[in-house]
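Novice: In terms of full-length UniProt numbering, the sequence shown is residues 1 to 202.
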Amino acid sequence: MTQTLREIKVAKTKQLIRDTFVELIEEKGFESISVRDITMKAGLNRGTFYLHYQDKYDLMEKNQTEILVGLKDAMKDMNPSDLFEHYSNDLKYPPIIKVFEYLTENARFIKVLISSKGDPAFPKKMKNILKTALYEKLVKLIGTENSLTIPYEYSTAFISSAFFGVIEQWLERDVPHTPEEMAIVHLKIVKFMSQILGGMVK
């Protein structure tokens, strides 16, 4: 559907506010930022900001929601059986490439959100999406094939936290590897994790 000029202008304004917001978090940390800081740096008046957001907390919440909804959408085609089929033949799994492409597009914002200057609650929100979109299903599949001796919730926490740690390290290093290369890293990690979890059988 074609956007109207007003919709295009609103989208550009919101992007400017978000880009400025990220820069200020990088510089000062979220807690030290004021709406005045954002509008001055962006060259906007406060009225324009308040047309879109109630305050800096609303700005943070709405942009986090947008990022997380996008991540969930990027992971919607995940299927543990298909993933294992690809990985058993040492093939990259296309939906994983899609996830890393999404993370690359939003790398700067996600990197600052999970940093000490961002929101301490955001990493848990992101891990929960990773866990529910793939790793809970993945552990169930492993558990179906192998009777695991460790509780399901610990297995899912283990593997989803490991993947989040990989993403965090990759972002901290300013995405030195392409989505295709990270898909290979993921392949190796999942096979390694499968061997560990598969070994924990009755």
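Yeah, the Cβ is synthetic: ideal placement off N, Cα and C, and Gly gets one too.
None of these values were measured; they are calculated from a predicted model.
1. Looking at ILE67: is its Cβ nearer than 8 Å to the Cβ of ASN128?
2. Please classify SER194 as buried or exposed, where buried requires at least 16 other C-beta atoms within 10 Å of its C-beta.
3. Please determine if the segment 107-121 and the segment 161-173 are in contact, where contact requires at least 3 C-beta pairs separated by less than 8 Å.
4. Who are the Cβ neighbours of ALA74 in its own chain at under 6 Å, not counting the five residues just before and after it?
5. Grab the span of the alpha helix (DSSP H) containing PRO176 for me, first residue to last.
6. In its own chain, which residues sit with a C-beta less than 6 Å from the C-beta of ILE159, not counting the 5 before and 5 after it?
7. Using only the alpha-carbon positions, how far apart do PHE21 and ILE38 sit?
8. With the cut-off set at 8 Å, would you say ALA42 and LEU59 are in Cβ contact?
9. Find out if the Cβ-Cβ distance for the pair TYR180, LYS56 is shorter than 8 Å.
Specialist: Well, looking at it:
1. Here residue 67 corresponds to residue number 67 of the sequence shown, with the count starting at 1. Here residue 128 corresponds to residue number 128 of the sequence shown, with the count starting at 1. No, the pair does not count as a contact, with Cβ atoms beyond the cut-off.
2. Position 194 of the sequence shown, counted from the start, is the residue given in the question as residue 194. When all chains shown are included, SER194 counts as buried.
3. Yes, the segment 107-121 touches the segment 161-173.
4. One-based indexing of the sequence shown puts residue 74 at position 74. Contacts found: LYS98, VAL99, TYR102.
5. On the sequence shown, residue 176 is found 176 positions in, with the first residue counted as 1. Where PRO176 is concerned, there is no enclosing alpha helix (DSSP H), given that its DSSP letter is neither H nor E.
6. Taking the first residue of the sequence shown as position 1, residue 159 is located at position 159. Within the same chain, ILE159 has close Cβ partners TYR135, MET193.
7. In the sequence shown, residue 21 corresponds to position 21, counting from 1. In the sequence shown, residue 38 corresponds to position 38, counting from 1. The alpha-carbon atoms of PHE21 and ILE38 are separated by roughly 6 Å.
8. As a first step, residue 42 is located in the sequence shown; it is residue number 42 there, counting from the start. As a first step, residue 59 is located in the sequence shown; it is residue number 59 there, counting from the start. Their beta carbons are not under 8 Å apart, which means ALA42 does not touch LEU59 by this criterion.
9. Position 180 of the sequence shown holds residue 180. Position 56 of the sequence shown holds residue 56. Inspection of the sequence shows that residue 180 is occupied by Glu rather than by Tyr. It is not a contact, given that the beta carbons lie outside the stated cut-off.
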